[in-house]
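Read through the structure below, which is laid out as structure tokens, and then see the notes.
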Amino acid sequence: MATLHTEPPSGSIRAQDDQPRTAPEASAQDLAGKGRATASKPKKRFVGKSTGPSGSGAKGSPSSPRGILHTSVPPEILQDSLLNEAIAQNLPSNYQFEMHKTIWNIRKWDCKMVGLQMPEGLLMWACILSDIIERFTSAQTVILGDVTYGACCIDDYTALALGCDMLVHYGHSCLVPIDVTTIRTLYVFVEISIDSEHLVRTIRRNFPSNRDDFLREVVHQQHDGSAQGPEATPIGTVIAGRRRIEGSQPEKKPTAVELENGGTSADLATVGQEHTRLALVSTIQFSAALNKLKEDLSAGLVLDGKPTDTEQEQSGSTVAHYDPNVDLDSGVYSVSVPRSKPLSPGEILGCTAPRLKDVDAILYLADGRFHLEAIMIANPTVPAFRYDPYSKKLTREYYDHEEMRAVRGTAVTTAKASLPGDASQTVWGVVLGTLGRQGSLRQMEAILRQLDTYGEDTGTSNRIPYMPILLSELSPAKLSLFNDGSQGNITTFIQTSCPRLSIDWGYAFERPLLSPYEAAVVLGRARGWDDNVEDDTGSMANSAIRGVYPMDFYEAGSVWATSRLKGRDTVWPLQIAV
1 MATLHTEPPS GSIRAQDDQP RTAPEASAQD LAGKGRATAS KPKKRFVGKS TGPSGSGAKG
61 SPSSPRGILH TSVPPEILQD SLLNEAIAQN LPSNYQFEMH KTIWNIRKWD CKMVGLQMPE
121 GLLMWACILS DIIERFTSAQ TVILGDVTYG ACCIDDYTAL ALGCDMLVHY GHSCLVPIDV
181 TTIRTLYVFV EISIDSEHLV RTIRRNFPSN RDDFLREVVH QQHDGSAQGP EATPIGTVIA
241 GRRRIEGSQP EKKPTAVELE NGGTSADLAT VGQEHTRLAL VSTIQFSAAL NKLKEDLSAG
301 LVLDGKPTDT EQEQSGSTVA HYDPNVDLDS GVYSVSVPRS KPLSPGEILG CTAPRLKDVD
361 AILYLADGRF HLEAIMIANP TVPAFRYDPY SKKLTREYYD HEEMRAVRGT AVTTAKASLP
421 GDASQTVWGV VLGTLGRQGS LRQMEAILRQ LDTYGEDTGT SNRIPYMPIL LSELSPAKLS
481 LFNDGSQGNI TTFIQTSCPR LSIDWGYAFE RPLLSPYEAA VVLGRARGWD DNVEDDTGSM
541 ANSAIRGVYP MDFYEAGSVW ATSRLKGRDT VWPLQIAV
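As structure tokens, then:
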């Protein structure tokens, strides 16, 4: 992970641990470790080599205040001075917990028992939220304290069993629609306000808006600091006044000033140039900041200041001046906010991220890497950058695609070797995740049908015997118990909980732990990741990074999403186009 130059942090922003955690994060020691993996000492996840310090975040405060987003909430609730005082004194001002909307819904539906569920990063405010709700409504509350990794872990079943007539789920988008949950459900995204000015200045300081400059000076910069080309520039020097690792005087650059026709000199300077193409993604908490960043980068930047070294054309239509204190790129970027439906534009999950076309880089806005890794896996040839709004650092992120694909390829090969020749000596375990809504019974039925019909598809009489298993959380120690002893004969496990369990931690299990996609590859229902793939420049990618490993677990229209609807009636194409 290479750290890029950022604007000097001003003010303070809430500590990183206050960020809603939607998935487990690996520690720095976990990411740096090498060696053989064991169940008790798993090796690192597939993170690219680090080339710079990651640093720790400084505290700060967002520039934009919290606002009330719900115009339909009655004025008597919005203007309740006691409620507003309770919110202002007890909850962070840059976190939008939507308390007015929550109070209004509880009163409107006359709820008696309300369940509160949130990721571990928000549990520090669970008791405060409970107190405010009970103070300003007639309802009682119960806090669901089980681990909540993501939107798939919404636990409406448990809330219903506890006698709740309403569930408030914090920190995630409505992956499970409210017309599907078993009780009335209110999703609170917990949008977080950040220092948007620092964000856009950091991007403009490091990313040239000219595509050729961006590819040469940033994307093609090697881990050792050399550029892919005849001119190698060591890390720590200024590259066209942009990508700075250490402080140095920038090269003088023309600053855009307004012209009489309403445009800027930057507009004229970029005529005929290709704009840098950025794909912006984030977690749901930063969706508002992501949209603002898109607006800021899609327009040219006008920098005020008195001209020095003025150079004016005879026509009088263009004025350019130089200011050594300003090194922000004032050009226009080509910005896209990709979407994997049913997620919101720009939102990605750890298991669901879109395939990208015609982009030069991914810019991820959030702390942590779990969600970012999903879009990196789905787009192995697109460079990725991450802006952490807590530490205010912009970093280049890497992922070891070769190692991940090799490890998962080994699991697929081992599972294929266990396909039945003598059916009495092989059994597959099919794990239905029971943590919230992680597991889908219909998806499990679709997998079981593949095992039942395996012999028909291959022209043999052998079906694959299986054992359904229900588990809330998987661990190497737990699954090893099914093969503990002379009678253990489960040769392969398929789990429906989360594809990232297989990708990130599958190596630590004694037997292959396959995701639904990997199981389809083993059974000949889906194409693997062995085909060559071209990168965005039209050239062949690294020979070890060939086909696409899909990250479309919840994407509308994917076979995995379809199987959660149709179950055993799912029509499986012979080769899934990924």
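Positions 1 to 578 (UniProt numbering) are the ones given, in order, by the sequence shown. Idealized CB from N, CA, C, for every residue including glycine. A quick note: this is a predicted structure, and the numbers were derived from the prediction, not measured.
Exercise. Distance, Cα to Cα, L167 vs Y454?
Worked result: Their backbone Cα atoms lie some 42 Å apart in a straight line.
Problem set entry | Helix, strand or coil at residue 581 according to DSSP, with G and I counted as helix | Outside the displayed span of the chain (1 to 578) sits residue 581, for which this structure offers no information.
Problem set entry | Chain-order list of residues whose beta-carbon lies under 6 Å from that of P383 (same chain, five-residue window excluded) | V219 and A361
Exercise. Would you call the stretch 339–359 and the stretch 374–381 touching, i.e. three or more CB-CB distances under 8 Å?
Worked result: yes
For this session: Counting only the same chain and skipping the five closest in sequence on each side, list residues whose C-beta sits under 8 Å from that of S27.
Result: Confidence at S27 is low in this model, with a pLDDT of 37, below 50, so its placement is unreliable and the value that follows should be read with caution. Excluding residues up to 5 positions away in sequence, nothing lies with its Cβ nearer than 8 Å to the Cβ of S27 in the same chain.
Exercise. If you drop the 5 nearest sequence neighbours on each side, which residues of the same chain put their C-beta closer than 7 Å to that of R568?
Worked result: E445, A446 and R449
For this session: In angstroms with no decimal places, state the Cα-to-Cα distance between L280 and Y387.
Result: 11 Å
For this session: Could you check what DSSP says for L186 in three-state terms: helix, strand or coil?
Result: strand
Problem set entry | C-beta atoms of Q117 and D179 nearer than 9 Å | no
For this session: Could you tell me how far apart the beta carbons of F482 and G429 are, in whole angstroms, since I believe they sit closer than 8 Å?
Result: 6 Å
Problem set entry | Spatially closest choice to I375 from T185, L349 and K393, by CA coordinates | Restricting attention to T185, L349 and K393, the CA atom closest to the CA of I375 is found in L349.
Problem set entry | Pair within 9 Å by beta-carbon distance, S298 and L290 | no
Problem set entry | Nearest candidate by alpha-carbon position, reference T148, set T492, C498 and R463 | C498
For this session: Tell me whether T381 counts as near the ligand GDP, meaning its Cβ is closer than 8 Å to at least one heavy atom of that ligand.
Result: Ligands in the displayed structure: none, and consequently the ligand GDP is not present.
Exercise. Taking all protein chains shown into account, do 16 or more other C-beta atoms lie within 10 angstroms of the C-beta of S81, making it buried, or fewer, making it exposed?
Worked result: exposed
Problem set entry | I111, buried or exposed, once every other Cβ within 10 Å from all chains shown has been counted against 16 | It is worth fixing the name first, because residue 111 is Cys in this sequence and not Ile. So C111 ends up on the buried side.
Exercise. What residue range is occupied by the uninterrupted alpha helix (DSSP H) comprising G409?
Worked result: H401 to A417
Exercise. Opposite T352 in the DSSP bridges: which residues?
Worked result: Bridge partners of T352: D552.
For this session: Give the single residue among R500, L479 and L501 whose Cα lies nearest to the Cα of I491.
Result: Here the sequence assigns Thr to residue 491, which means Ile is not the residue at that position. For T491, the nearest C-alpha among the options comes from L479.
Exercise. Near W560, which residues of its chain fall below 8 Å by C-beta distance, leaving aside the five closest residues on each side in sequence?
Worked result: Q443, P516, Y517, D552, F553 and Y554
Exercise. Do V522 and L514 have their C-beta atoms within less than 9 Å of each other?
Worked result: yes
Exercise. Secondary structure at W529, three-state DSSP: helix, strand or coil?
Worked result: The answer is coil: DSSP assigns W529 none of H, G, I, E or B.
Exercise. Tell me, which residues are paired with E347 by DSSP?
Worked result: The bridge partners DSSP lists for E347 are S282.
Exercise. Closest to T141 by CA distance: which of G163, A151 and H275 is it?
Worked result: Closest option to T141, Cα to Cα, is G163.
For this session: Thinking I192 and Q285 are a contact (beta carbons under 8 Å), I'd like their distance in whole angstroms, please.
Result: 5 Å
Problem set entry | Whole-Å CB distance - G331 paired with N210, under 8 Å assumed | 7 Å
For this session: Give every residue of the same chain whose Cβ lies closer than 7 Å to the Cβ of L474, excluding the five residues on either side of it in the sequence, and list them in chain order.
Result: V431, Q495, S497 and L501
Exercise. What did DSSP end up calling A374 once you bin it into helix, strand or coil?
Worked result: helix
Exercise. Mapping DSSP to helix, strand and coil, what is N379?
Worked result: coil
Problem set entry | Proximity of A139 and V176 at Cβ, strictly below 9 Å | Judged by their CB atoms, A139 and V176 are not nearer to each other than the 9 Å cut-off.
Exercise. Which residues in the same chain as W125 place their Cβ atom closer than 6 Å to its Cβ, once the five residues preceding and following it in sequence are excluded?
Worked result: Once the five neighbours on either side are set aside, W125 has no close Cβ partner at all.
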